[in-house]
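Chains as they are written, first to last, in full-length UniProt numbering: chain S, 1 to 385; chain A, 1 to 385. Virtual Cβ for every residue (Gly too), placed ideally from N, Cα, C. Taking it in order: structure first as C-alpha cells, then the write-up.
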C-alpha cells in the first residue's frame, strides 16, 4: 500500500484568544496550512476537524461544515473527529485512513478548541464529563487521578518529587523557543515545587493550562507529495488503543494499556523500535504522564523514566529529546488541537523547520492521550528518503 | 483494493426510551450486532460511535471509550464520528475507510442518540446550533428552511401540496411493518393535510419526530466475510460532499449540491447508475427532502419527483421502493443512529432479512443528510455474489 505523506503544517498562537471563537482559530490554521503546503482549497478532498466540545464550550456545532464553507473547500467531504483530549491524534488517524483507503487524494486536518472564555471550573466540568459517570458524578476529575497516580509512582519506585518537577522545567525551557507557545517563561525547579498544591503531590506547575488554539496538517499519497514539497514527512506507523474506561479497574496504575498497545501497533507497522526514535512529543497534560508514556512506549523500563529525566536524557541536547515544542505544559492544551500540534512539531523537526528548537531527527513519534489513558493514539513519522 | 463487507446489523426499538441513556442504547445495539454477526468482542479492531451531541443532551462525553469498556472490546481503537444529522452516514464512511485502509480487520459501527428527555424546544435548540451562526442566532431553524423550500418547490414546479403528504402516508405505511419504528401507525392523507402547521406549507406530519435509539453494523474485508455469514452485503460505492453552510448562498434552493456530488461519487466508485438501484433509504427528516434527494440522485428529473410519488413509483410494490423501513418519518430520527439505521435496512433487504418489508433487491442506496444538505453521505451496497 502506498505511504501517506505530510506536506504541510501550521499552528496558531496558543493561549488566550479573546474575542475569537473556535471557527476563527480553525480557519486561521486551515488557511495557513493551505499556504504552507501550496495546496488550493479546491484540491482538498476530505477535511477533518478534531474538536472535543464546541457545543459545550460555545453552543456551536456543525463546525466542520462551517469550516469547509469558510475555507471555500466545498464540496470537500468533512466530519468532526472527537476522541476527547486525544481528538487531534484521532484526527491524524482518520486523515491517514482517508488517504490510505483511497477515499481522498488530499486531506486537510484541522484541530482546535476555544476554552478560555470559561472559568477553570466550567472547563474542568466539561473535561470531567469524559470520564466514567461512576467517576465524575462522585467528583473524581482527571487532575485527581493524576495526583493519585503520581503518589503511587513516587512511593513505589522510590522516585524523588523533584524528578516530576524537572519535566515541567524542561518543557518550559523548550517552550521559550516556540513563538506559538502559551507560556514562554522560564521556570526553575524551586518555583514548581513551591507552587500551590492542586492534587497532592502534584502542584500547579505539574499541570498544563486551559488554552485556545488550532493546528493543521496536510496529508496526501506519497506519490504526489513531491509535486508540493521538496521536504516532506511520511507516516510509517499509526495505531490507537483503549484501556478500561473505569480507571480503578486497571491492574497496575502505572501502566497505561492504551499507550502500550498503540505503541506496539505503531512500532510493528513501521518496523521501528523505541531505539529508532529520534524525537518524541508526549502528552504531558500532567508531568506524571510523561513518565508513564516513556515507559509504555519502551523508552525506559517501568519505574525508571524518572532517572532518564534526572540525567537530562530527554532534554533538547539529550539522547531522546521529548517535547521540544514545549509540550502541553508550556505550549498549552486546546483539547482538539493538541494531538495535531504534536504532529506539527514532529513534522517541522523532520523537515528541518523547527528553527531554534531544531534537533537531529529522521524518525519521530507522537503519543496523544484521551482521558486518563482511556484511548491513546501513537504515530511514527519519518523524514522522506 | 479489497471490497468491504457488511456481515451483521442491528437496531434497538426507536422511540421514547425513558430511563435509558445513550450509552445503554449504544450497548444494546452493539451487543446485538456482535451476536448477529457472530463476532466476538475481542475480535473488534475499531469501534466507531456516531453521535452528534451526547454532551449537549446528557452532559456525558467520551462515550466511545465507555462503550468499548461496556462491550469488553478493549483494546479496540475507538472514536466518535460527528457530522450532525448525518453522523450515521459519516460513521459508515469512517468504518469503511478503517477496513479499506487496512487499519482494521473488524470494525463495529454503533450510532445512537438520546433526545426525548429534552423538550422539543430544547432539542430544536441543540439541532439548530449546527446551522451557520448568522442563521440560527437570528432564529432560523431547519424546519423553517424546509418550509421555505417546500413553498418554493410547490409553486415553481406546479406540484400539489398533496404530493408531499403522500410521502408521509407511504412512509407511515412502511413503518407499520417495522417492529422497531417509533410510530407504527397508519396515517391517511387527510390527517397529514389537516395536522397543525409547523412551517407553512409544512405541517406536523411532514416532520420526523424527536427520538431515542441506536443502530449498528459490522464491517470487515470481503475475504473474511464468508467465515461469519452465508449472506452478506458489500459496500461498492461511498462518498460524502458538502454544500454551502449558509443555505441562502445556494444558487437553486431545490438542488442539494451535497446530494448531487456525493451521489456522483458513489455511482462512479460502484460503476452503478440510478437505474441500477433497487431500493433506497432517503433522509426524509422533512417530506420535501425526499423529493430533493430523489432528484439529486437521478431517480427523477428536477421538479418531477412529486409525479413519481403520486404514481406510486416509490411504494413498496413500486419500481423503486423508497424508505421501506418507514424512513425517519415513521421510524424516528435519533440523530447519530439514523444514517446507520438506513444501512441496517438496506443490509436486511439485500440479505433477505427484511421480513414483511422485504422487496426484491440486489443493489441498494442510502442517502444521509447533515443539516439542511450542508454535508451528505451516499452509500451503495450490493448483495454479495
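What are the start and end residues of the beta strand (DSSP E) that includes residue i?
i	result
residue 335 of chain A	Residue 335 of chain A -> not in any beta strand (DSSP E); alpha helix (DSSP H) instead, spanning 335 to 350.
residue 294 of chain A	Run containing residue 294 of chain A: none in the beta strand (DSSP E); it sits in the alpha helix (DSSP H), 287 to 296.
residue 301 of chain A	Where residue 301 of chain A is concerned, there is no enclosing beta strand (DSSP E), given that its DSSP letter is neither H nor E.
residue 92 of chain S	Not the beta strand (DSSP E): residue 92 of chain S falls in the alpha helix (DSSP H), residues 87 to 100.
residue 311 of chain A	Where residue 311 of chain A is concerned, there is no enclosing beta strand (DSSP E), although the alpha helix (DSSP H) it sits in stretches over 305 to 311.
residue 364 of chain A	363 to 370
residue 161 of chain A	Element bounds for residue 161 of chain A: not the beta strand (DSSP E) but the alpha helix (DSSP H), 161 to 175.
residue 8 of chain A	4 to 11
residue 79 of chain S	77 to 82
residue 1 of chain S	Note, residue 1 of chain S: premise wrong, no beta strand (DSSP E); not H, not E.
residue 380 of chain S	375 to 383
Would the beta-carbon of residue i fall within 8 Å of that of residue j?
i	j	result
residue 342 of chain S	residue 101 of chain A	no
residue 331 of chain A	residue 159 of chain A	no
residue 234 of chain A	residue 345 of chain A	no
residue 115 of chain A	residue 236 of chain A	no
residue 4 of chain S	residue 221 of chain S	yes
residue 76 of chain A	residue 44 of chain A	yes
residue 167 of chain S	residue 287 of chain S	yes
residue 68 of chain A	residue 107 of chain S	no
residue 326 of chain S	residue 172 of chain S	yes
residue 340 of chain A	residue 111 of chain A	yes
residue 352 of chain A	residue 129 of chain S	no
residue 278 of chain S	residue 227 of chain S	no
residue 336 of chain S	residue 87 of chain S	yes
residue 213 of chain A	residue 31 of chain A	no
residue 85 of chain A	residue 338 of chain A	yes
residue 372 of chain A	residue 219 of chain A	no
residue 369 of chain S	residue 380 of chain S	no
residue 163 of chain S	residue 310 of chain S	yes
residue 79 of chain S	residue 358 of chain A	no
residue 245 of chain S	residue 374 of chain A	no
residue 204 of chain S	residue 150 of chain S	no
Given a threshold of 16 other Cβ atoms within 10 Å of its Cβ, counted over all protein chains shown, does residue i qualify as buried or as exposed?
i	result
residue 323 of chain A	buried
residue 224 of chain A	exposed
residue 209 of chain S	buried
residue 137 of chain A	exposed
residue 185 of chain S	exposed
residue 197 of chain S	exposed
residue 317 of chain A	exposed
residue 51 of chain A	buried
residue 11 of chain A	buried
residue 156 of chain A	exposed
residue 119 of chain S	exposed
residue 189 of chain S	exposed
residue 281 of chain A	buried
residue 284 of chain S	buried
residue 132 of chain S	buried
residue 134 of chain A	exposed
residue 273 of chain S	exposed
residue 256 of chain A	buried
residue 1 of chain A	exposed
residue 333 of chain A	buried
residue 296 of chain S	buried
For residue i, report the span of its alpha helix (DSSP H) as first-last.
i	result
residue 282 of chain S	Run containing residue 282 of chain S: none; DSSP gives neither H nor E here.
residue 259 of chain A	257 to 270
residue 332 of chain S	Per DSSP, residue 332 of chain S belongs to no alpha helix (DSSP H) and is neither H nor E.
Contact check, residue i vs residue j under 8 Å by CB: the rounded distance?
i	j	result
residue 34 of chain S	residue 27 of chain S	Not quite, the Cβ-Cβ distance comes to about 11 Å (not below 8 Å), so this is no contact.
residue 293 of chain A	residue 259 of chain A	5 Å
residue 240 of chain S	residue 270 of chain S	Not really, about 15 Å apart at Cβ, beyond 8 Å.
residue 126 of chain A	residue 57 of chain A	7 Å
residue 63 of chain S	residue 81 of chain S	Their Cβ separation, rounded to whole angstroms, is 11 Å, which puts residue 63 of chain S and residue 81 of chain S out of contact at 8 Å.
residue 153 of chain S	residue 254 of chain S	5 Å
residue 71 of chain S	residue 91 of chain S	Not quite, the Cβ-Cβ distance comes to about 16 Å (not below 8 Å), so this is no contact.
residue 200 of chain A	residue 147 of chain A	6 Å
Between the segment 122 to 149 of chain S and chain C, which residues of the former have a C-beta closer than 8 Å to a C-beta of the latter?
-> No chain C appears in the structure shown, which is made up of the protein chains S and A.
Taking the runs of the alpha helix (DSSP H) that are 4 residues or longer, which of them lie wholly in the segment 25 to 73 of chain A?
-> You should have 54 to 58, 63 to 70.
Could you tell me which uninterrupted beta strand (DSSP E) segments, each at least 3 residues in length, are contained entirely in the segment 107 to 157 of chain A, listed from first to last along the chain?
-> Within the segment 107 to 157 of chain A, the complete beta strand (DSSP E) segments of 3 residues or longer fall at 107 to 113, listed in chain order.
Enumerate, from N- to C-terminal direction, the unbroken alpha helix (DSSP H) stretches of 4 or more residues contained entirely within the segment 185 to 232 of chain S.
-> Taken in chain order, the complete alpha helix (DSSP H) segments of 4 or more residues contained in the segment 185 to 232 of chain S are 189 to 194, 222 to 228.
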